[in-house]
Amino acid sequence: MKILLSYLGNLKEYIIFSALIIASLLLIFQNDNIQVRFIRVIAVNVIGTIQDGYSFIPNIFELERENKSLRESNIELSKELSLLKESKLENLRLNSMLEFRQRTNYRVATGKIIGKTLIQTRNNITLNIGEKDSVKIGMPVITDRGLVGKIVAVSANYSIAQILLNKDLKISVKVQRSRVDGILAWDGEGKVRMKNVSKSADVKTGDIIITSEYSNTFPSGIPIGYVTTDNTLDNLFKNIEVETFVNFETVEEVFVLKSLSDDERRDLEKKFNEKVK
Amino acid sequence: MKEYLKYAAILLGLIILQKTFVSFIDVTEFRITPDLVIIGLVYVGIKKGKIPGSITGFAAGLVLDIFSFSFIGLMALAKTVSGFVSGFFNNEQKIERYLNSYIFIIIVSICSLVNNSVYYLFYFQGTNLLPADIFIRYILPTTVYTALFAVFPVLFARRRRFAR
């Protein structure tokens, strides 16, 4: 401290001189005429040059503030990006569905899947549409890719649909190419199979499976999936495994076809079956 | 204290002279006048050193600024610098020699040159005058004219010395 005071004492003359110079300059800058304005420009340039000279030296506090601010905007941008990605995907899905809706001849109700079970032997989906949207039990549920299932329960605003991955759902189907008929059902273990197909039937890997006109629930021609395996199960039937077009793990929006089974046809078939028995 | 009052009185007298009488003896088309205040300021600087020199310069310059009705602070700046420079010639052994000989005229010339350089180079900023023009038209003539007037105090001091 003593050394510092002694050092400052030696510089006393220069300190006072500097103070007087600063006082003079402050007085000058209080004026507002052309000379002063010009000097101010020079001063700004000089200060700017000096600041530019040491701008490469990092200011820790400034860096910390900047870092914090950047992190905050990074989080904001990430959120925004995620929303945009989500919107883009949704837009693609909805576009595709809109195209399908315009293509199809049926009246449809668009629903969003709000609940889903995929780990049981009887899997279902819950939709956010119900009686208010004219949804009724038995109506087929599809997407632009293919068949999803059928409505089995309805409330005012919600409905539940059995999906293809449900042991209780059996559908009359046919091979699109060769028109071979069969029954499609889920084996409860992960495979959708086409049953009742004789070993001599013309079914090949890659063949597309569609709903048959024999079905009293689903309109004919709705694509379901394609054949992945066509091994002979025993001496009589083939073991045909089908990969569904609809990916039940990712599907989010569906259509409910406002098409109900023909009651007259159903009654006739019922009566005939009873008579035969 | 008495001594400082004497210096203040001398400088005040010189300022009054500068603002009244000196304008009658201007020369050249650029109305160059001698700077009598700087002569008094150099005297104080040689006698008392850098701090009194610069403080006196600042005070005298400020008074001149106020009376000049130009922009305040410029003459204070120029006189502070020249007062400080004159303080470099404050040497106990040589004070009398500096004040009573023609060395005083040289010191006045140096301080006047510094004073005029600071003042005119600032004063003509923003105009089309080049620094060289400013030097030839204003700085040099004012310095020489001031140096001529510095002869009088030297003669006065020498006469007093001989009278003793």
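Residue numbers (our numbering), protein chains in the order written: chain Y, 6 to 282; chain D, 250 to 413. Think of the CB as a built atom: it goes at the ideal place given N, C-alpha and C, for glycine as much as any other residue.
Asked	Found
Contacts that N36 (chain Y) makes with chain D (C-beta to C-beta distance below 9 Å)	S319, F320, I321, G322, L323
Chain Y contact residues for L378 (chain D), given Cβ-Cβ distances below 7 Å	Here the premise fails: no neighbours, minimum Cβ distance about 12 Å.
Where the segment 258-280 of chain D meets chain Y: residues whose CB sits under 7 Å from a CB there	none
Coil, strand or helix - E18 (chain Y) by DSSP	helix
Boundaries of the alpha helix (DSSP H) in which V367 (chain D) is found, first to last residue	352-372
Selection of the segment 326-345 of chain D by Cβ proximity to chain Y, strictly under 8 Å	L326, T329, V330, F333, G336
Residue nearest to E258 (chain Y) in terms of C-alpha spacing, selected from Y:Y12, Y:S92, Y:L88, Y:T115	Y:T115
Euclidean distance between Cα positions of S78 (chain Y) and I165 (chain Y)	43 Å
Cβ pair T329 (chain D), S29 (chain Y) closer than 7 Å	yes
Anticipated Cβ contact below 8 Å, I215 (chain Y) with V232 (chain Y), distance rounded	The Cβ separation is near 12 Å, so there is no contact.
C-alpha gap between I134 (chain Y) and K196 (chain Y), whole angstroms	29 Å
Paired residues, beta bridge with Q167 (chain Y) - DSSP	Y:N129, Y:K155
Contacting positions in the segment 13-26 of chain Y - beta carbon closer than 9 Å to chain D	K17, E18, Y19, I21, F22, L25, I26
Min CB distance L10 (chain Y) to chain D below 7 Å	no
Distance CB(V334 (chain D))-CB(V357 (chain D)) smaller than 7 Å	no
Opening and closing residue of the beta strand (DSSP E) in which N244 (chain Y) lies	243-249
Sequence-distant residues of its chain with Cβ nearer than 6 Å to Q267 (chain D) (five each side left out)	L285, V286
Test item: CB-CB of G289 (chain D) and I259 (chain D) under 7 Å	yes
Proximity of F22 (chain Y) and S361 (chain D) at Cβ, strictly below 7 Å	no
8 Å contact criterion, which T249 (chain Y) and G230 (chain Y) should meet: CB distance rounded	4 Å
F401 (chain D) - DSSP class collapsed to helix/strand/coil	helix
is_contact[L89 (chain Y), chain D] using C-beta, thresh 7 Å	no
Selected residue, minimal CA-CA separation from A327 (chain D), among D:N377, D:N339, D:D314	D:D314
Residues sharing a beta bridge with S203 (chain Y), DSSP	Y:F242
Beta-carbon proximity of I295 (chain D) to F338 (chain D), cut-off 7 Å	yes
Span of the alpha helix (DSSP H), counted from its first residue to its last, around V293 (chain D)	285-297
Beta-carbon proximity of I388 (chain D) to S366 (chain D), cut-off 7 Å	yes
I264 (chain D) - containing alpha helix (DSSP H), residue span	251-269
At least 3 beta-carbon pairs within less than 8 Å: the segment 124-132 of chain Y vs the segment 166-175 of chain Y	yes
Min CB distance L86 (chain Y) to chain D below 7 Å	no
Cβ of I300 (chain D) within 7 Å of any chain Y Cβ	yes
Own chain residues within Cβ distance below 7 Å of T122 (chain Y), not counting five before or after	N128, N129
Exposure of P301 (chain D), with buried meaning 16 or more beta-carbon neighbours within 10 Å	buried
Spatially closest choice to E218 (chain Y) from Y:D272, Y:V178, Y:R70, Y:M6, by CA coordinates	Y:V178
Identity of the residue in D:N340, D:T305, D:Y369 nearest L323 (chain D) by Cα	D:Y369
Within-7 Å CB hit, F401 (chain D) to chain Y	no
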